[in-house]
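Working notes, structure below.
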Amino acid sequence: MSDDLERVATTTKALTTEALKPKPNKLLKFIAGFFITLIALYELAFLLVGAAYGTDVFAFILIYSVFMHITLLPFMLYGIGGFIILSLSDQNYRAVTQQAPKILFIGLLLCMVVIGISEWAHQMGILDSRFRLDWR
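Numbers 1 to 136, taken from the working numbering, label the letters of the sequence shown in order.
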């Protein structure tokens, strides 16, 4: 008898806590997906370009980012991420927004490690690629 009461109490508690959570706004879901995609794409760019150029990646990404955002392509990519998050159910949306900062932080640490190894390789003479702007 007490097992049945415990099961009912647990089920009731789970249902009420899930019901008490506010339903996320569709605009908020889209904006969350937009910014998660924005940060993820920049981390991917830092990882790929930073492996070859080391700390020159900052100038490289800055210049190309300015010129790319004149076009609509980056905004369309961010919007695709926004629509993907928008299409998730509320429960999956909460799970994604809880896990995304952890995953993005691990990606940031990975970028820092790769850029550090690339800079070390430049200092040792293993890599010789440098990003230079020649306006001549």
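Yeah, the Cβ is synthetic: ideal placement off N, Cα and C, and Gly gets one too.
Item: Buried or exposed: E6, going by 16 or more other Cβ atoms within 10 Å of its Cβ?; Value: exposed
Item: State the CB to CB distance for the pair F46 and G81, rounded to an integer number of angstroms; the pair is presumed to be in contact (CB under 8 Å).; Value: Contact doesn't hold; Cβ gap of about 17 Å is too wide.
Item: As a quick exercise: from L104, L86, I126, pick the residue whose alpha carbon is nearest that of L28.; Value: L86
Item: Does the contact criterion of 3 or more C-beta pairs under 8 Å hold for the stretch 116-125 versus the stretch 54-69?; Value: yes
Item: Cα-Cα, which of T37, G50, F58, G79 is closest to H122?; Value: G50
Item: Buried or exposed for A95, please, with buried defined as at least 16 other CB atoms from any protein chain shown within 10 angstroms of its CB.; Value: exposed
Item: Below 8 Å on the Cβ atoms is my guess for L77 versus L41; work out the distance and round it to an integer in Å.; Value: 6 Å
Item: Starting from R94, trace the alpha helix (DSSP H) both ways and give me its first and last residue.; Value: 90-124
Item: Need the endpoints of the alpha helix (DSSP H) that L72 sits in, please.; Value: From DSSP, L72 is part of no alpha helix (DSSP H); its letter is neither H nor E.
Item: Looking at the secondary structure, which residues open and close the alpha helix (DSSP H) in which L27 lies?; Value: 26-53
Item: Excluding the 5 residues preceding and the 5 following P178 in the sequence, name in chain order all residues of the same chain whose CB lies nearer than 7 Å to its CB.; Value: Residue coverage of the chain in this structure runs from 1 to 136, which leaves residue 178 outside it and unanswerable.
Item: Would you grab the beta carbon distance between L43 and G107 for me? Rounded to a whole angstrom, and I think it's under 8 Å.; Value: Note on residue identity: the sequence assigns Glu, not Leu, to residue 43. Between G107 and E43 the Cβ distance is about 4 Å, and since that is below 8 Å, they are a contact.
Item: Which residue from K102, Y64, Q91 puts its Cα closest to that of P24?; Value: Q91
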